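In the numbering used here, the protein residues as written are 12 to 470. We put the CB at the ideal spot given by N, CA and C, even for glycine. Quick caveat, the model's predicted, so the values are computed rather than measured. What follows is a set of notes on a single structure, which appears directly below.
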């Protein structure tokens, strides 16, 4: 009887031991299999734009921290107001991230934003640097901060520009005349009147480019001559130099026209494809008005006032004296001379545009163009023979003529020279290398009778 009881007791003890051992071992494994997935984020869980599916909180914190550092290195954030742009230099100090709090509050299977704050002291410093006092007081800070946080909370890398004018009330941007110019139009009143009479204004949309030849075609003005159209384009160019508009294409002629000062010509010619093109870099629309005032063409640019004022300046101006070219004309009566072409000084000038603040201090100076007009050489035409005193006078007047000044760049003087050379023998041409005496002697002894003797009367 004792043996069966011992066996029963042993079996009960063994079963209890196995149960306790098995429960402690397999129960832990089963619990881990059942409940471990609840500590990991489900499919579709995003922190910002980063997917943390299948990660536990510790792994997600490490992963998001790594992505945040990458975002800081790959992101350029700037704030812009009209023509002024300021870049946020220290983004890690500008934004304050709370990654642990973002992970602990994240909803599994949902898109969650990364919790971040902005250092408002740094934001205020940037706004004070960019915005004038009037605009700084009216800016919508709450909306601005919310938009700034959006880039950080979604970890959107790249170049981001915040345009501050979008956070200001529209009544702060009143239209006013920001630039104007006037140009003489003597003798061209009808052309200017037709241009200004068709449509007296041009609307220039934000960030748009305008071609003067395209405008002329739209207005039916391409039939005008290049000199007539250039009066209008030059007046427009002169006005735009007082703005921040970009000059994309511009040309000048060989000779400075009388209606404009050096540095302000903008020649257009549809046949030669010489156009005047400019660009509005601002976020606002501007209107350019044309008006004829007696003998002047008045051009004004109207729109929101820019932060800085602009003013053209001419620098490093140089003048070049014309040379004197002496020619012989057999058709002129003996002892006479005439002016073939009047001389005109050449000009070299650099055109700059100064950017100035409210106090008038120059912030920067941008070189716009370098204009050069070559000199027009003076052409003096003499007859074949002179009286002695006339010859001496002409020789004295030509002593200072450089030896390399005999060739003429003017079309009229060239035609005169061709006519005279056709009527002369080759041996009677002007000796260009020895022209400082005014005339050259004929090497052919058979033609001495043309010159005559010293005291002989004119035949």
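Residue 328: member of the beta strand (DSSP E) spanning 320-331, first to last residue.
In the three-state scheme derived from DSSP, where H, G and I count as helix and E and B as strand, residue 53 is classed as coil.
Here residue 301 is actually not in contact with residue 227; their C-beta atoms are around 12 Å apart, not less than 8 Å.
Within 10 angstroms of the beta-carbon of residue 382 lie 16 or more other beta-carbons, which makes it buried. For the region 189-229, the continuous beta strand (DSSP E) assignments of 3+ residues that do not extend past its boundaries occur at 212-215 and 220-222, in sequence order. Spatial neighbours of residue 309 in its own chain (CB-CB distance under 6 Å, excluding positions within 5 residues in sequence) are listed in chain order as 193 and 302. In this structure, DSSP gives residue 306 a state outside helix and strand, which the three-state scheme calls coil. Nearest to residue 198 by C-alpha distance, out of 371, 51, 99 and 242, is 242. By the C-beta density criterion, residue 33 is exposed, having fewer than 16 other C-beta atoms within 10 angstroms. In terms of CA proximity to residue 196, 306 leads the group 306, 358 and 118.
Within the same chain, 86, 88 and 171 come within 8 Å of residue 162 by CB-CB distance, once the 5 residues on both sides are set aside. When C-beta atoms of the region 269-276 are compared with those of the region 248-260, three or more pairs fall below 8 Å, so the two segments count as touching.
In the three-state reduction of the DSSP assignment, residue 301 falls in the strand class.
Taking the Cα positions, residue 327 is about 10 Å away from residue 363. Annotation: residue 152 is outside any beta strand (DSSP E); the continuous alpha helix (DSSP H) that includes it extends over 152-164. The three-state secondary structure of residue 33, taken from DSSP, is helix. In this chain, the alpha helix (DSSP H) harbouring residue 80 covers 68-85. In the pairwise beta carbon analysis, the region 278-291 is classified as not touching the region 151-168: fewer than three pairs are separated by under 8 Å.
The beta carbon of residue 71 sits closer than 6 Å to those of 63 and 114, all from its chain and outside the five residues before and after it, given in chain order. In the DSSP assignment, residue 107 falls within the beta strand (DSSP E) that extends over 106-108. Under the three-pair Cβ rule at 8 Å, the region 370-384 does not count as touching the region 333-349. In the structure shown, residue 275 adopts coil according to DSSP, grouped into three states. Residue 94 carries a coil assignment under DSSP once its states are collapsed to helix, strand and coil.
Cβ contact annotation for residue 174 (same chain, cutoff 6 Å, sequence separation greater than five): 91, in chain order. Residue 134: member of the alpha helix (DSSP H) spanning 131-141, first to last residue.
Residue 123 has 58 as its beta-bridge partners, per DSSP.
Residue nearest to residue 152 within the set 343, 180 and 184 is 180 (criterion: CA-CA distance).
Around the C-beta of residue 201, fewer than 16 other C-beta atoms lie within 10 Å, and the residue is accordingly described as exposed. Secondary structure at residue 101: coil, using DSSP grouped into helix, strand and coil. Minimum Cα-Cα distance from residue 100 among the listed residues 134, 238, 78 and 50 corresponds to 134.
A residue is called buried when at least 16 other Cβ atoms come within 10 angstroms of its Cβ; residue 351 meets this threshold and is buried. One thing to note: residue 313 has its Cβ within 8 Å of the Cβ of residue 186.
Residue 321 places its beta carbon 8 Å or farther from that of residue 287.
The shortest CA-to-CA distance from residue 297 to any of 376, 236 and 219 is the one to 219. Residue 348 is a Cβ neighbour of residue 393, given a cutoff of 8 Å. Cβ-Cβ separation between residue 189 and residue 372: approximately 19 Å, too far for a contact (criterion under 8 Å).
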